[in-house]
Each structure stands twice: as C-alpha cells, then as structure tokens.
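Novice: Structure below; questions to follow.
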Amino acid sequence: MDLSAEPIVVSVPALTEKRWFIVQIGDYYDQVVYNIGGSKGPEPGLFLVTGPDYTGPIPATMKQIKVRTTIAVAGNASSSTARPTCPPPARSKRASTCFRCCGGSHSAAGRSDQ
C-alpha cells in the first residue's frame with residue numbers, strides 16, 4: 090500500500106459464523122505494526138492506515154493504524170473454524186502466504202532467507 094499521498098481504509102466485516110482470522114498490517118521494514126483479529130478475537134470495523142506524515146482527520150467510525158513508513162502491506166490469514174487447526178509451522182527458509190493489497194488478491198510464493 091502506498092501511503093505517501095493519502096491513507097488507505099481497510100474494511101474488516103463482521104462474520105456470522107465462528108471463524109478465526111487475522112489481518113496483519115506491516116511496514117516497509119517487515120515490522121508488524123498492528124494485528125486485526127487473531128488471538129484477541131474478531132475485530133470487525135474500519136481501519137485507517139496512515140503514513141508517518143499524515144495530519145488529516147481520523148473519522149470517528151475508524152481506528153487509526155499509524156505506520157512509520159510510506160509503504161505498508163496488509164496480510165490476511167483465516168480458518169473455517171473458531172481456532173486455527175494447522176500444526177505449528179516447521180522451521181523453514183521458505184514460507185507461503187496470501188496477501189490482499191489495495192482491494193486485489195495476490196499470492197506470493199515464499200522467499201528464501203539467506
């Protein structure tokens with residue numbers, strides 16, 4: 090997400106079925122800034138992801154997530170059950186995840202950590 094010109098709104102819907110999910114907001118340096126959902130339970134709502142220089146208004150219906158860089162990423166993971174059923178990941182130099190950025194859906198093959 091490019092936050093240099095304006096903030097990005099992330100919308101997380103309320104779910105009717107019991108389902109585990111997490112949306113991670115991270116900065117350019119791969120630091121997780123905020124987790125929406127996850128172990129603290131569902132957190133539906135509107136989130137305003139802002140860059141370091143944003144000084145505009147924060148609507149009362151939104152929660153601000155301030156990122157220290159002008160580039161950010163939003164990653165999403167979910168399970169069809171109330172708790173994740175996957176075993177803990179094995180230690181590996183490769184990982185795979187699905188990212189949703191700016192309304193699109195992108196699948197990213199894992200990267201090799203050197």
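The opening residue of the sequence shown carries number 90 in this note's numbering; numbering runs sequentially from there.
Note that CB positions come from ideal geometry on N, CA and C, so glycine has one too.
It should be emphasised that the depicted structure is a prediction, and the values quoted were computed from it without experimental measurement.
Please report the residue range of the beta strand (DSSP E) in which Met90 lies.
Specialist: As a position in the sequence shown, residue 90 is number 1, starting the count at 1. Where Met90 is concerned, there is no enclosing beta strand (DSSP E), given that its DSSP letter is neither H nor E.
Novice: Going by the beta-carbon positions, is the gap between Gly115 and Gly164 smaller than 8 Å?
Specialist: Stepping through the sequence shown from its first residue, residue 115 is reached at position 26. Stepping through the sequence shown from its first residue, residue 164 is reached at position 75. Yes. Within cutoff.
Novice: So who's on the other strand from Leu137, going by DSSP bridges?
Specialist: Position 48 of the sequence shown, counted from the start, is the residue given in the question as residue 137. Leu137 is bridged to Val98, Gln153.
Novice: So for Gly145, helix, strand or coil by DSSP?
Specialist: Taking the sequence shown and counting its residues from 1, one reaches residue 145 at position 56. Note: Gly145 maps to coil in three-state DSSP.
Novice: Would Lys155 and Phe136 qualify as a contact pair, given that the criterion is a beta-carbon distance under 8 Å?
Specialist: Locating residue 155 in the sequence shown gives position 66, counting from the first residue. Locating residue 136 in the sequence shown gives position 47, counting from the first residue. It is not a contact, given that the beta carbons lie outside the stated cut-off.
Novice: Determine the closest residue to Ala103 out of Thr150, Val112, Thr158, Pro131, with distance taken between C-alpha atoms.
Specialist: Numbered from its first residue, the sequence shown carries residue 103 at position 14. The option with the nearest alpha carbon to Ala103 is Pro131.
Novice: Restricting to Cα atoms, I'd like to know which of Thr105, Tyr117, Ser167 is closest to Ile160.
Specialist: The residue you call residue 160 lines up with position 71 of the sequence shown. Taking only the C-alpha atoms, the option nearest Ile160 is Tyr117.
Novice: DSSP beta-bridge partners for Thr113?
Specialist: Residue 113 sits at position 24 when you count from the first residue of the sequence shown. It is Gln, not Thr, that sits at residue 113 in the sequence shown. Beta-bridge pairing links Gln113 to Asn124, Gly164.
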